[in-house]
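Colleague: Going by UniProt numbering, the sequence shown opens with residue 1, and the numbers climb by one from there.
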Amino acid sequence: MSVLVTTFRQCTALRAPHVLRSQGNFRQSVRMSSSSKITFGDKLPGHYVNKDTSAKSAVVVVQEWWGIVPEVIRQAEYISKELKVPVLVPDLYKGSVGVEAEEAKHMMDNLDFPQAAKEINQAAEHLRNDGAEKVGVVGFCMGGALAFLSAQGGSFDAVVGFYGAPPGEARQVDKIKAPCQGHSGSEDSFKGFADPATMKEFLDSIKGAKTEFYEYKGEGHGFMNADEKDIQDKMRTAELPKGSKEAQELAWKRTFQFLKANLA
Numbered sequence: 001m002s003v004l005v006t007t008f009r010q011c012t013a014l015r016a017p018h019v020l021r022s023q024g025n026f027r028q029s030v031r032m033s034s035s036s037k038i039t040f041g042d043k044l045p046g047h048y049v050n051k052d053t054s055a056k057s058a059v060v061v062v063q064e065w066w067g068i069v070p071e072v073i074r075q076a077e078y079i080s081k082e083l084k085v086p087v088l089v090p091d092l093y094k095g096s097v098g099v100e101a102e103e104a105k106h107m108m109d110n111l112d113f114p115q116a117a118k119e120i121n122q123a124a125e126h127l128r129n130d131g132a133e134k135v136g137v138v139g140f141c142m143g144g145a146l147a148f149l150s151a152q153g154g155s156f157d158a159v160v161g162f163y164g165a166p167p168g169e170a171r172q173v174d175k176i177k178a179p180c181q182g183h184s185g186s187e188d189s190f191k192g193f194a195d196p197a198t199m200k201e202f203l204d205s206i207k208g209a210k211t212e213f214y215e216y217k218g219e220g221h222g223f224m225n226a227d228e229k230d231i232q233d234k235m236r237t238a239e240l241p242k243g244s245k246e247a248q249e250l251a252w253k254r255t256f257q258f259l260k261a262n263l264a
């Protein structure tokens, strides 16, 4: 899996400005979250949003390389609110959070990606044991690639990946049977991992399931990140232009329509 790890390194190496948020801001946002911490599967940690709902479908949200930071929880809560379903976020770093670029890179480099995919599938199993009849998965960047990688395990009924595709060495696309949706900005500079051509090529290679791909003109990598001033002013770089509200709203609309159609 060395190619997989190398690709993620190339993707995330340019994203250091994102971690300039303080640990205090992280902790404050997490305390304000309505999610609850749980263990599932093989005593794996995770964050459960809206766990008491009686919905017959559910969603797994997969983290980026930073770990379970407030942005991930906000995305999970937004999905839960819009779809009225429980959402489980597996903590692939087991409680660690990257608040500096080198720290986040170290944790990602030491992540066992095949094992992470298994844990994501265990999250789906936990949701089914809690009553969900259908389960979807949504991931961003590293999480997007892991969402597609996890789909090879056969546990999901719908897969949404933002700007991240597994490299060729990791792909077993014949095992993917769930409908897949991909998103990427036309200006995404992470070639071979998240750019539109790479995303489309990956999705087109899936023959056993329906796929769809959306390219967002003028948008760069990470365009779905929250538009909070304390975050955006510090994370903007030439490689990470600020995402437009219009693109974010359109991408969410497409995501929700796709999940509703396939998880009903």
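Cβ coordinates follow ideal geometry from the N, Cα and C atoms, glycine included. Bear in mind the structure is a predicted one, so any value in this text is a computation, not a measurement.
Report yes or no: do the segment 148-156 and the segment 64-75 share at least 3 C-beta pairs separated by less than 8 Å?
Modeller: Contact fails between the segment 148-156 and the segment 64-75, because fewer than three Cβ pairs, one in each stretch, are under 8 Å apart.
Colleague: Taking only the alpha-carbon atoms, compute the straight-line gap between P86 and A158 and give it to the nearest angstrom.
Modeller: 15 Å
Colleague: When the Cα atoms are used, what is the spatial distance from D204 to H106?
Modeller: 33 Å
Colleague: Is the segment 127-135 touching the segment 94-101 in the sense that three or more CB pairs, one from each, lie closer than 8 Å?
Modeller: no
Colleague: May I ask which residues mark the beginning and end of the alpha helix (DSSP H) holding S47?
Modeller: Sequence inspection shows His at residue 47; the Ser mentioned does not correspond to that position. First-last for H47: 44-49, but that is the beta strand (DSSP E), not the alpha helix (DSSP H).
Colleague: Give me the Cα-Cα distance between K200 and Y163, rounded to the nearest whole angstrom.
Modeller: 11 Å
Colleague: Can you give me the start and stop residues for the beta strand (DSSP E) that G143 sits inside?
Modeller: Taken as a continuous stretch (DSSP letters only), G143 belongs to no beta strand (DSSP E), being part of the alpha helix (DSSP H) at 142-151.
Colleague: Between which two residues does the alpha helix (DSSP H) holding V72 run?
Modeller: 70-83
Colleague: Assuming P90 contacts A123 under a Cβ cut-off of 8 Å, what Cβ separation, rounded to an integer in Å, is found between them?
Modeller: 5 Å
Colleague: Taking C-alpha atoms, which residue in A194, K37, A117, Q257 lies nearest to F140?
Modeller: A194
Colleague: Could you round the C-beta distance between S80 and V49 to whole angstroms and report it? I think they count as a contact, below 8 Å.
Modeller: 5 Å
Colleague: Got a sec? Which residues, its chain only, sit under 6 Å from A147 by beta carbon, not counting five neighbours each side?
Modeller: Cβ contact annotation for A147 (same chain, cutoff 6 Å, sequence separation greater than five): V62, V137, G139, V159, G161, in chain order.
Colleague: Short of 8 Å in beta carbon distance, which residues of its chain neighbour G39, apart from the five on each side in sequence? Order them along the chain.
Modeller: It should be noted that the sequence gives Thr, not Gly, for residue 39. Answer for T39: P45, G46, listed in chain order.
Colleague: Roughly how many angstroms lie between the CA atoms of E119 and V72, to the nearest whole one?
Modeller: The alpha-carbon separation between E119 and V72 amounts to approximately 17 Å.
Colleague: Just grab the DSSP bridge partners of A158 for me.
Modeller: G136
Colleague: Can you tell me which of the three DSSP states H221 falls into?
Modeller: coil
Colleague: So, at 7 Å on beta carbons, what are the nonlocal neighbours of F213 in its own chain, with the 5 sequence-adjacent residues on each side left out?
Modeller: G182, M199, K200, L203
Colleague: So if DSSP puts V62 in a beta bridge, which residue, or which two residues, is it bridged to?
Modeller: G139
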